[in-house]
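Down below is the structure, laid out as structure tokens.
Numbering (my numbering), first residue to last: 7 to 75.
Here you go:
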């Protein structure tokens, strides 16, 4: 993710690190991230889920993916 979304291949993102609220990713990157998650994990993400509640941390994103499997 760091390489594809942040363009920082050596960046390590901790599971609890804020992505959106810290400004690490913006709304355009959020859409890109959602598309990557849909492709990589075969899950559908509704447009209404593209928000900081669902995507602000990797932990939150994992919970979303696991709830769809």
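Note that beta-carbon positions come from the ideal geometry of N, C-alpha and C, so glycine has one too.
Rounded to the nearest angstrom, the gap between the Cα atoms of residue 16 and residue 10 is 11 Å. Look at residue 60 here: in three-state DSSP terms it is helix. Distance from the CA of residue 20 to the CA of residue 62, rounded to the nearest whole angstrom, comes to 12 Å. For residue 43, the uninterrupted alpha helix (DSSP H) segment begins and ends at 33-47. In the three-state reduction of the DSSP assignment, residue 11 falls in the helix class, which pools H, G and I.
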